[in-house]
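Here the structure comes first, spelled out in structure tokens, and everything after it is commentary.
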Amino acid sequence: MNRQGSVSPGTAAPAEERSCSWMKPWIFLVSALAIKTAFVTVCLVIFLHGSYGQYNTLLQDATEWCCVPSVAAGKKEGWMCCPKGWKRFQKSCYYISDDTMSWAESVQNCTGMGSHLVVINSKAEQVVTNDYETKYYIGLSAYKTGQWQWVDQTPYKVADTFWKPGEPNLLFAEKCAAIHVKGNTDSSTYSNWNNILCFTSCYRICELAVKFV
Numbered sequence: 001m002n003r004q005g006s007v008s009p010g011t012a013a014p015a016e017e018r019s020c021s022w023m024k025p026w027i028f029l030v031s032a033l034a035i036k037t038a039f040v041t042v043c044l045v046i047f048l049h050g051s052y053g054q055y056n057t058l059l060q061d062a063t064e065w066c067c068v069p070s071v072a073a074g075k076k077e078g079w080m081c082c083p084k085g086w087k088r089f090q091k092s093c094y095y096i097s098d099d100t101m102s103w104a105e106s107v108q109n110c111t112g113m114g115s116h117l118v119v120i121n122s123k124a125e126q127v128v129t130n131d132y133e134t135k136y137y138i139g140l141s142a143y144k145t146g147q148w149q150w151v152d153q154t155p156y157k158v159a160d161t162f163w164k165p166g167e168p169n170l171l172f173a174e175k176c177a178a179i180h181v182k183g184n185t186d187s188s189t190y191s192n193w194n195n196i197l198c199f200t201s202c203y204r205i206c207e208l209a210v211k212f213v
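Note that UniProt numbering has the sequence shown beginning at 1, numbered continuously upward.
Put into structure tokens, the structure is as follows:
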């Protein structure tokens, strides 16, 4: 080393200088990975916010979702998701309550979870709701207008209903519909609807469209 402190030709550089030079590529690589990770995290947060923003109310009570592959024509096309604890059938999620309420309270409870009392549109859907041996409110009533109406405004068609033999009756008083598996039920057609007093405490089935992601 000369008097000015520089390294003379043929003289090895100090160890600490060699170490710093060797570390520079690693520092760059680690920094790049950190930036990339932060970018991916931001994108994921934005994606989740965009996908589930419409279910903010529901997510307050159901923070976990269960998803299954969505397959069409033999090809996977994303995922179908339901809140954890809900039952999926076709393109709907179903919540089967473990407590009882009046019909109006049941409507409010389902609405508070971003869903509605179940609207049964087909025999397949009627069959899947027959697994429970007790009374469950469905989203059908006549207490406001005297005419049967679904909560989601689906047109009421007698041909698409599943009333028990002899039901509905006593329409002047019993204006809310419930699934009633026990009793006088037509097992060949799964007809088990019964109209009851709207203040009767029953279990309920809430329905929510599956979330595609």
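Glycine included, each C-beta is placed from N, C-alpha and C at the ideal position. As the structure is a computational prediction, the values presented were derived from the model and not from experiment.
1) Determine the extent of the alpha helix (DSSP H) in which residue 195 is found, giving its start and end residues.
2) Just to check my reading of the structure: residue 80 and residue 70 have Cβ atoms closer than 8 Å, yes? What is that Cβ distance to the nearest angstrom?
3) For residue 127, name the three-state secondary structure that DSSP assigns.
4) Is the distance from the Cβ of residue 152 to the Cβ of residue 119 below 8 Å?
5) According to DSSP, simplified to helix, strand and coil, what is residue 108?
6) Grab the span of the beta strand (DSSP E) containing residue 139 for me, first residue to last.
7) Taking buried to mean at least 16 other C-beta atoms within 10 Å of its own C-beta, is residue 158 buried or exposed?
8) Below 6 Å CB to CB, which residues in the same chain sit around residue 211 once its five sequence neighbours on both sides are set aside?
9) Please list the terminal residues of the continuous beta strand (DSSP E) segment that includes residue 96.
10) Inspect the CB distances between the segment 108-124 and the segment 132-150 and report whether three or more fall short of 8 Å.
11) Are residue 164 and residue 130 closer than 8 Å when you measure CB to CB?
12) Give every residue of the same chain whose Cβ lies closer than 7 Å to the Cβ of residue 202, excluding the five residues on either side of it in the sequence, and list them in chain order.
13) Tell me whether residue 192 is buried or exposed, calling it buried when 16 or more other Cβ atoms sit within 10 Å of its Cβ.
14) Just to confirm my understanding: we take residue 48, look at its own chain, exclude 5 residues before and 5 after, and list those with CB closer than 7 Å. What are they?
15) Would you check if the distance between the CB atom of residue 113 and the CB atom of residue 176 is smaller than 8 Å?
16) Could you check if residue 196 belongs to the surroundings of the ligand MN, using beta carbon to heavy atom distance under 7 Å?
17) Under 8 Å between the Cβ atoms of residue 122 and residue 204?
Working from what's here:
1) Note, residue 195: premise wrong, no alpha helix (DSSP H); beta strand (DSSP E) at 193-196.
2) Contact check for residue 80 and residue 70: beta-carbon distance about 5 Å, within the 8 Å limit, so the pair qualifies.
3) Assignment of residue 127 by DSSP, reduced to helix, strand and coil, places it in the helix class.
4) Yes.
5) In the structure shown, residue 108 sits in a helix (DSSP, three-state: H, G or I).
6) Residues 135-141.
7) Sixteen is the threshold: since fewer than 16 other Cβ atoms of the shown chains lie within 10 Å of the Cβ of residue 158, the residue is exposed.
8) Excluding residues up to 5 positions away in sequence, 81 lie with their Cβ nearer than 6 Å to the Cβ of residue 211 in the same chain.
9) That run of the beta strand (DSSP E) goes 92-96.
10) Enough Cβ pairs lie closer than 8 Å, so yes.
11) In this structure, the beta-carbon distance from residue 164 to residue 130 does not fall below 8 Å.
12) 100, 135, 136, 137 and 178.
13) Counting of Cβ neighbours within 10 angstroms places residue 192 among the buried residues, the total reaching 16 or more.
14) Reliability fails at residue 48, whose pLDDT of 41 lies under 50, so the model's placement of it is uncertain and no value is given.
15) No. Outside cutoff.
16) The ligand MN is not among the ligands present in this structure, which contains no ligands whatsoever.
17) Contact flag unset, no.
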